[in-house]
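K.L.:
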Amino acid sequence: MNQISPPQQPKPTSSWGRRGTAGATIARQMRFENISHRFGDNLAINNINLEIEPGEIVCLLGHSGSGKTTLLRIAAGVERPKAGEFLVDGKVFSGPNKFVPPEKRGIGLMFQDFALFPHLTVLKNVMFGLTAQTSKNARAEAMLALERVGLAEYALLYPHHLSGGEQQRVALARAIAPRPGILLMDEPFSG
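Counted the way this note's numbering counts, the sequence shown spans residues 496 to 686.
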């Protein structure tokens with residue numbers, strides 16, 4: 496098995512707690528105001544109002560097709576709502592006259608299917624969202640995220656070499672590597 500020694504730790508870029516701990520303070524407020532969305536004739540979400548305060552952990556429960564994933568995708572900027580506004584810390588991120596692209600939101604999303612790139616190593620998968628950083632810093636942040644999820648020793652392997660649970664942890668590492676102010680997880684316990 497290939498191994499990588501831990502890199503020098505870069506300076507923290509947000510309030511993610513002390514390095515080497517699981518403790519993290521993800522502290523941004525988000526608010527959905529009258530959010531509606533449809534796919535063709537199918538109304539996926541209708542007039543949703545929800546406010547989540549900094550530090551809260553919230554679970555969306557509902558039957559299949561009730562709009563849970565759509566709401567997460569709207570928050571992450573992967574979907575644009577047909578009506579209503581999505582705000583972070585009181586600033587409009589999605590609305591009739593405003594749309595902040597996903598890479599500018601500071602929101603991490605761990606997809607239900609993990610969405611790992613099979614042609615990239617575990618390390619490169621985690622580095623994928625760190626393109627604004629230098630290669631050295633991106634590598635360091637990715638390794639720290641892999642350490643957090645207990646997979647640093649798998650950095651040079653490819654996703655198909657990992658179990659389903661390990662792949663899920665790689666997806667989590669990729670979501671936390673940019674140190675988002677909000678972390679969204681789509682069915683994190685389904686695997």
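Don't be surprised by glycine CBs; every beta carbon is placed ideally from N, CA and C.
For the beta strand (DSSP E) containing L582, list its first residue and its last residue.
P.N.:
Residue mapping note: residue 582 aligns to position 87 of the sequence shown, counting from 1. Taken as a continuous stretch (DSSP letters only), the beta strand (DSSP E) holding L582 covers A578 to V583.
K.L.:
May I have the straight-line CA-CA distance separating F612 from P654, to the nearest angstrom?
P.N.:
Counting from 1 along the sequence shown, the entry for residue 612 is found at position 117. Counting from 1 along the sequence shown, the entry for residue 654 is found at position 159. Pairing F612 with P654, the inter-Cα distance amounts to about 8 Å.
K.L.:
Within the same chain, show all residues whose beta-carbon is closer than 8 Å to that of E528, passing over the 5 residues directly before and after it, in chain order.
P.N.:
On the sequence shown, residue 528 is found 33 positions in, with the first residue counted as 1. If we look at E528 and ignore the five residues flanking it on each side, its Cβ neighbours are N544, G579, E580, F581 and L582.
K.L.:
How many whole angstroms separate the CB atoms of I547 and P576, which I take to be in contact at a CB cut-off of 8 Å?
P.N.:
Walking along the sequence shown from the start, residue 547 turns up at place 52. Walking along the sequence shown from the start, residue 576 turns up at place 81. With 8 Å as the limit, I547 and P576 do not qualify as a contact, their Cβ atoms being about 16 Å apart.
K.L.:
On a CA-only basis, which of G624, Q628 and E551 is nearest V665? Give me that one, please.
P.N.:
Working through the sequence shown from its first residue, we reach residue 665 at position 170. It is G624.
K.L.:
Out of D584, E682 and A650, state which residue places its alpha-carbon closest to the alpha-carbon of M622.
P.N.:
Within the sequence shown, the letter at position 127 stands for residue 622. Closest by alpha carbon: A650.
K.L.:
With respect to the beta strand (DSSP E) encompassing R526, which residues constitute its N-terminal and C-terminal limits?
P.N.:
For the purposes of this step, residue 526 is identified with residue 31 of the sequence shown, where counting begins at 1. Per DSSP, R526 belongs to the beta strand (DSSP E) from M525 to F534.
K.L.:
Starting from N632 and walking both ways along the alpha helix (DSSP H), at which residues does that stretch end?
P.N.:
Counted from its first residue, the sequence shown places residue 632 at position 137. It spans S630 to R643 - the alpha helix (DSSP H) in which N632 sits, taken as one unbroken run.
K.L.:
E574 and H532: beta carbons closer than 9 Å?
P.N.:
Taking the first residue of the sequence shown as position 1, residue 574 is located at position 79. Taking the first residue of the sequence shown as position 1, residue 532 is located at position 37. For E574 and H532, yes; Cβs fall inside 9 Å.
K.L.:
Could you check what DSSP says for N620 in three-state terms: helix, strand or coil?
P.N.:
Counting from 1 along the sequence shown, the entry for residue 620 is found at position 125. Looking at N620 - three-state DSSP - the assignment turns out to be helix.
K.L.:
Answer yes or no: do L646 and A672 have a C-beta to C-beta separation smaller than 9 Å?
P.N.:
As a first step, residue 646 is located in the sequence shown; it is residue number 151 there, counting from the start. As a first step, residue 672 is located in the sequence shown; it is residue number 177 there, counting from the start. No. Outside cutoff.
K.L.:
Just to confirm my understanding: we take L555, look at its own chain, exclude 5 residues before and 5 after, and list those with CB closer than 6 Å. What are they?
P.N.:
As a first step, residue 555 is located in the sequence shown; it is residue number 60 there, counting from the start. Excluding residues within five positions, the ones whose Cβ falls inside 6 Å are K563.
K.L.:
Does DSSP put G560 in a helix, a strand or coil?
P.N.:
Residue mapping note: residue 560 aligns to position 65 of the sequence shown, counting from 1. Three-state result, G560: coil.
K.L.:
Please work out which residues of its chain come closer than 8 Å, Cβ to Cβ, to D681, disregarding the five sequence neighbours upstream and downstream, and give them in chain order.
P.N.:
Locating residue 681 in the sequence shown gives position 186, counting from the first residue. The residues are K563, T564, L567, L604, M605, F606 and Q607.
K.L.:
Taking G659 as part of the alpha helix (DSSP H), name the residues at either end of that continuous run.
P.N.:
Residue numbering aside, residue 659 sits at position 164 when the sequence shown is read from its first letter. Counting along the chain, the alpha helix (DSSP H) containing G659 begins and ends at G659 to I671.
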